[in-house]
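Undergrad: Here full-length UniProt numbering is used: the first residue of the sequence shown is 1, the next is one more, and so on. Starting off with a structure, shown below.
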Amino acid sequence: MVDRRSRIVFLCFLFISLLFNSTLEQQQQQQVLRSGVERLSLLQLRSSLGLRAKEWPIKFEPCRNWTGIQCQNGRVVGINISGFRRTRLGSQNPQFSVDALQNFTRLASFNASNFALPGSIPEWFGSKLATTLQVLDLRSCSITGAIPSSLGNLSSLNSLYLSGNSLTGSIPSSLGQLLGLEVLDLSRNSLTGSIPVSFTSLRNITMLGMSMNYLSGVIPPGIGTLTRLKFLNFSGNSLSSSVPAQLGDLSNLVDLDLGFNSLSGPLPPDLRGLRNLQKFVIGNNSLSGSLPTNLFLPSAQLQFVVLSHNAFTGVLPNALWSLPRLEFLDVSGNNFTGILPDFSPNTNVTTAVVNLSQNLFYGNLTGVIRRFSFVDLSGNYFQGKIPDYVQSNVSVAENCLQNVSRQRTLGECTSFYSERGLTFDNFGIPNATKPPPPPKSKKKSHRTLIILVAVLGGVGLILLLGIGLLLLICCTRKRGASNQRGIGVGPVPAGTSPSPPGMSLNLSSLGDVFTYQQMLQATDEFSDENLIKNGKSGDLFRGLLDRGIPVVIKKIDLRSVKKEAHMVELDFFSKVSHPRLVPLLGHSLENENEKFLVYKYMPNGDLSSSLFRKNNSDDDSLQSLDWITRLKIAIGAAEGLSYLHHECTPPFVHRDVQASSILLDDKFEVRLGSLSEVCTQEGDNHQNRITRLLRLPQTSEQGTSGTANATCAYDVYCFGKVLLELVTGKLGISASSDAAMKDWLEQTLPYISIYDKELVTNIVDPSLIIDEDLLEEVWAMAIVARSCLNPKPSRRPLMRYILKALENPLKVVREEHTSSARLRATSSRSSWNAALFGSWRHSSSDVAAVPASQANRAEGTSSFKQSGTTGSQGSGQNGEGGGHSSSTRRHSKEIFPEPVDEEEDVERPNEN
1 MVDRRSRIVF LCFLFISLLF NSTLEQQQQQ QVLRSGVERL SLLQLRSSLG
51 LRAKEWPIKF EPCRNWTGIQ CQNGRVVGIN ISGFRRTRLG SQNPQFSVDA
101 LQNFTRLASF NASNFALPGS IPEWFGSKLA TTLQVLDLRS CSITGAIPSS
151 LGNLSSLNSL YLSGNSLTGS IPSSLGQLLG LEVLDLSRNS LTGSIPVSFT
201 SLRNITMLGM SMNYLSGVIP PGIGTLTRLK FLNFSGNSLS SSVPAQLGDL
251 SNLVDLDLGF NSLSGPLPPD LRGLRNLQKF VIGNNSLSGS LPTNLFLPSA
301 QLQFVVLSHN AFTGVLPNAL WSLPRLEFLD VSGNNFTGIL PDFSPNTNVT
351 TAVVNLSQNL FYGNLTGVIR RFSFVDLSGN YFQGKIPDYV QSNVSVAENC
401 LQNVSRQRTL GECTSFYSER GLTFDNFGIP NATKPPPPPK SKKKSHRTLI
451 ILVAVLGGVG LILLLGIGLL LLICCTRKRG ASNQRGIGVG PVPAGTSPSP
501 PGMSLNLSSL GDVFTYQQML QATDEFSDEN LIKNGKSGDL FRGLLDRGIP
551 VVIKKIDLRS VKKEAHMVEL DFFSKVSHPR LVPLLGHSLE NENEKFLVYK
601 YMPNGDLSSS LFRKNNSDDD SLQSLDWITR LKIAIGAAEG LSYLHHECTP
651 PFVHRDVQAS SILLDDKFEV RLGSLSEVCT QEGDNHQNRI TRLLRLPQTS
701 EQGTSGTANA TCAYDVYCFG KVLLELVTGK LGISASSDAA MKDWLEQTLP
751 YISIYDKELV TNIVDPSLII DEDLLEEVWA MAIVARSCLN PKPSRRPLMR
801 YILKALENPL KVVREEHTSS ARLRATSSRS SWNAALFGSW RHSSSDVAAV
851 PASQANRAEG TSSFKQSGTT GSQGSGQNGE GGGHSSSTRR HSKEIFPEPV
901 DEEEDVERPN EN
């Protein structure tokens, strides 16, 4: 009996083992590509797209080891190259080269999202893949051209993603034949024409996105028949119809966004069928009338409601205030009126943000506002006192409230309330329109005091002017009218911001005016993914405007920076215009606590992030900017600063010159950014002399205006650090403080000499590949940098001379042997060469005593190509000691004349 049972158990175990091995063998067979045609096609695809061996290793089994390859029964059914990086060769000429896909007869899914495929979608997609393809994902692939009508033949397709490209033309009506389609996303393109009526046949559709295109016409009236629809987004187009009443039949709809169109007329009277709706956006249209009273009654799921910038009238339904899951409510820029409701203590409202600004609300503030984390009530007609529970999270500007700044005038408030038969509290002042006058006796005493102060002030002013005139005459005789101290181009007002706070600007001349909602939409509500950096005056975000225009948006929080910060920058842009300054595209100032400035997007970022960038090759090495591009960047930055210093009256000082403020467009042309610190230049030298002689307290970093570093010489010093960063490749030099820079400069500057070119090779960026001619340009830039870094501001060159030197770098270091070609320097102050090198010997010893341990570094620190000669260009190869090469020149005073020491500069700590 036991033997029989043992045999049965053994047979069962044997059967299970055979079954398991058979299943395992089948799985292994499925994970081996059995089609030679498909294997060859994968290799062709790998080559045409320039895919790296890291993802598709050629020596391994594709079905098992290639990333993104999905096989079934030994055939390829899915290809996913989303986010792949091309090889260096492949990235040089990327194209929509996917012809090999025609050979995958069982391909069900192709995903190339976020992988550049510049070019148009092939027509054969709709024929060769017609019966098998179920998912086609080409989001953000740089695709151009029109959508092929042949895509309507993909009978098995259930998901089509084409968003974030540059598709043009009209939407083919043949897409309405894809009856199995569940997802259709065509948003963020440049499509034109109308929405095809055939789309009303897509009965299985759950997501329909066409936002941010150029679509016009009407919303198809049959849209209400798509009952499985959950996400409908037509925002950012030019649709001009009314809101279809059939939308109320979309009971499964979760997200409805029709904002930023030209929709008009009233809302349908009954949208109660939208019982699952969570997001309802119809802002920035031309809708009018009052809100239906039953609009929000059934929608307990609503979380996000935007009705802003329309022409709605009447009162807000009370049901809107009591939606339990509401997190964001924006009804700003309408004509809503009425008083705020007051909820009982047990009312459960969790709303985070409520924006009621720019409407016609009135009456007293109620307890409803303390239930919200942020409330904007500005631009209404609320009256009375501010309740004790109102905190800083409530914005109340431009109302009729008592004891609060920035309110409407008495006339505005009185007129508003009288027109409606209401009583205005007169700002809390009973039976009067202004405070009573002070007693007569006080007025008389004040007048006497004013007269006395005026007389004494006049006498003091006359004495001060007399002393100043005498000093000016003495100084003029001593130095003459010419002034070359490197801090400006003539007498200017004391260093201040371009205009004082409260200045009136013509904002219409400063680009487009954007709404707060547009700023939110452009930056995905200022998500962390779009944050570029936290700047001194505000946070910088990447943004995408309605028409797909990339921008950079500065978000200025007035609660943490100076109130007039944004106005200072706007005033600056109203006065200057130059191609070397970052273009200001517009602004958004409607929000009380947050202001926004919109700039042109710079594809190559700034110098600090572009000097070294990640390579496109298989490894993660860094790619360095070549010398030609570095010199181009230096000249471009010098042009911008020279404009501010010498072509503006009064001169402007940038005050934040560093690598991160030198922005680069797609061709590495320079645009100066970080302009929030710009101010006018400090007072002239005569003012400084008077200050010294009168022994008034004044530090080197604080001028007569109290503005730190408000001299052009400070910009020159900072620019010198930028030049050193370009020469040495050492990141962060220009952003370092003087204390952190001191040791590094002491070790580096001795290698920069106008007598010995070879010394500079010890500090040149090792990643630079330069020949002898280019090495002389590097040498010249290093010499210019050292001149800029003179510890005495009065001996730093003017920016116009720096620009001239960078434009003619070989004239800085070469002595021409023919008299006709010699760069003659005269005693005139207009000589850029004299201004640049006249004080060379005064900063430090030209041929510094370089420590032997540093001078004897291994040659070839930089990758410049040696000429092989040991004559004039050899560096210590002929047995000559002392570290001097045979190329050492005698210093020509004709080329580098020394300045006349016209006035002793007073050295102070931290002068820069």
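Ideal placement from N, C-alpha and C gives every residue a C-beta, glycine not left out.
Find out if the Cβ-Cβ distance for the pair ALA637, VAL678 is shorter than 8 Å.
TA: Taking 8 Å as the Cβ cut-off, ALA637 and VAL678 do not qualify as a contacting pair.
Undergrad: Buried or exposed for ALA710, please, with buried defined as at least 16 other CB atoms from any protein chain shown within 10 angstroms of its CB.
TA: When all chains shown are included, ALA710 counts as buried.
Undergrad: At which residues does the beta strand (DSSP E) containing GLY255 begin and terminate?
TA: Before going on, a small fix: residue 255 reads as Asp here, not Gly. Where ASP255 is concerned, the enclosing beta strand (DSSP E) stretches over 255-257.
Undergrad: Looking at the secondary structure, which residues open and close the alpha helix (DSSP H) in which TYR717 lies?
TA: Where TYR717 is concerned, the enclosing alpha helix (DSSP H) stretches over 712-728.
Undergrad: Where GLU807 and LEU545 are concerned, what is the direct C-alpha to C-alpha distance, given to the nearest angstrom?
TA: The straight-line gap from Cα to Cα measures roughly 38 Å.
Undergrad: Using three-state DSSP, classify CYS71 as helix, strand or coil.
TA: Correct three-state label for CYS71: strand.
Undergrad: Between VAL390 and the rest of its own chain, which residues show a CB-CB distance below 8 Å, the 5 nearest in sequence each way excluded?
TA: Correct list, in chain order: LEU365, ILE369, ARG370 and VAL396.
Undergrad: Would you mind listing the beta strand (DSSP E) stretches within the stretch 37-102 that are 3+ residues and don't spill past its ends, in chain order?
TA: Runs of the beta strand (DSSP E) inside the stretch 37-102: 69-72 and 75-80.
Undergrad: State the Cα-Cα distance for the pair SER415 and VAL331, rounded to the nearest angstrom.
TA: C-alpha separation (whole angstroms): 24 Å.
Undergrad: Using alpha carbons as the reference points, say which of LEU798, LEU202, LYS595 and GLN623 lies closest to LEU157.
TA: Ranking LEU798, LEU202, LYS595 and GLN623 by Cα distance to LEU157 puts LEU202 first.
Undergrad: Over the uninterrupted alpha helix (DSSP H) stretch that includes GLN518, give me the two end residues.
TA: It spans 516-522 - the alpha helix (DSSP H) in which GLN518 sits, taken as one unbroken run.
Undergrad: To the nearest angstrom, how far is it from the Cα of ILE628 to the Cα of LYS757?
TA: Approximately 19 Å, taken between the alpha carbons.
Undergrad: Count Cβ pairs between the stretch 785-792 and the stretch 711-726 that sit closer than 8 Å; are there 3 or more?
TA: At 8 Å Cβ cutoff, the stretches touch.
Undergrad: Which of the three DSSP states, helix, strand or coil, is assigned to THR748?
TA: Three-state result, THR748: helix.
Undergrad: Roughly how many angstroms lie between the CA atoms of GLY90 and ILE81, to the nearest whole one?
TA: Answer to the nearest angstrom: the Cα atoms are 14 Å apart.
Undergrad: Assign MET207 to one of three DSSP states: helix, strand, or coil.
TA: Residue state, collapsed to three classes: strand.
Undergrad: Can you tell me whether DSSP reads VAL331 as helix, strand or coil?
TA: Three-state DSSP puts VAL331 in coil, outside helix and strand.
Undergrad: Who are the Cβ neighbours of LEU401 in its own chain at under 7 Å, not counting the five residues just before and after it?
TA: Correct list, in chain order: PHE382, GLN383, GLY384, ILE386 and GLN407.
Undergrad: Quick one: measure Cβ to Cβ for LEU250 and LEU263, integer angstroms, because I've assumed they're closer than 8 Å.
TA: In fact, because the Cβ distance is near 17 Å, the residues do not count as touching under 8 Å.
Undergrad: Suppose the cutoff is 6 Å on Cβ atoms and the five residues either side in sequence are ignored; what does the same chain contact list for SER642 look like?
TA: Correct list, in chain order: MET799, ARG800 and LEU803.
Undergrad: Is VAL716 near the ligand NAD, with its Cβ less than 7 Å from a heavy atom?
TA: Absent from the structure shown: the ligand NAD. Ligands present: none.
Undergrad: My assumption, with CB atoms under 8 Å, is that PRO118 sits in contact with GLN95. Please give the rounded CB distance.
TA: With 8 Å as the limit, PRO118 and GLN95 qualify as a contact, their Cβ atoms being about 6 Å apart.
Undergrad: Give a yes or no on whether the C-beta atoms belonging to GLY411 and ASP512 are separated by under 8 Å.
TA: Not in contact: GLY411 and ASP512 (Cβ atoms no closer than 8 Å).
Undergrad: Starting from the C-beta of ASN591, find all residues in its chain whose C-beta is less than 6 Å away, skip the five residues before and the five after it, and write them out in chain order.
TA: Answer for ASN591: TYR516, listed in chain order.
Undergrad: Under 6 Å Cβ to Cβ from MET207, same chain only, skipping five residues before and after it: list those, please.
TA: Here the set comprises VAL183 and PHE231.
Undergrad: If you draw a straight line from the C-alpha of GLY83 to the C-alpha of ALA713, how long is it?
TA: One C-alpha to the other measures close to 47 Å.
Undergrad: Would you list the one or two residues that DSSP bridges to CYS679?
TA: Answer is VAL653.
Undergrad: Between the Cα of PHE612 and the Cα atoms of LEU625, LYS600 and TYR601, which residue gives the shortest distance?
TA: Measuring from the Cα of PHE612, the nearest candidate turns out to be LEU625.
Undergrad: Which residues in the same chain as ASP665 place their Cβ atom closer than 7 Å to its Cβ, once the five residues preceding and following it in sequence are excluded?
TA: So the qualifying residues of the chain are MET602, PRO603, ASN604 and ARG671.
Undergrad: Using the C-alpha atoms, what's the distance from ASP257 back to SER242?
TA: Straight-line Cα distance between these residues: approximately 14 Å.
Undergrad: If you measure between the beta carbons of LYS555 and PRO583, is that distance less than 8 Å?
TA: No; because the gap between Cβ atoms is not below 8 Å, this pair is not in contact.
Undergrad: Contact check, SER48 vs PHE104 under 8 Å by CB: the rounded distance?
TA: Wrong, their Cβ atoms sit about 14 Å apart, outside the cutoff.
Undergrad: Taking the straight line between their C-alpha atoms, what separation do you get for LEU136 and LEU287?
TA: Near 37 Å, if we compare the C-alpha coordinates of LEU287 and LEU136.
Undergrad: Please name the residue, chosen from LEU558, ARG325 and HIS309, that lies closest to SER537 on a Cα-to-Cα basis.
TA: Minimum Cα distance to SER537 is reached at LEU558.
Undergrad: Just to confirm before moving on: does the CB-CB distance between MET519 and PHE596 stay below 8 Å?
TA: Yes, they are a contact pair.
Undergrad: Whose C-beta lies closer than 6 Å to the C-beta of PRO809 among residues of the same chain, with five residues either side of it excluded?
TA: Result list for PRO809: GLU777 and ALA780, in chain order.
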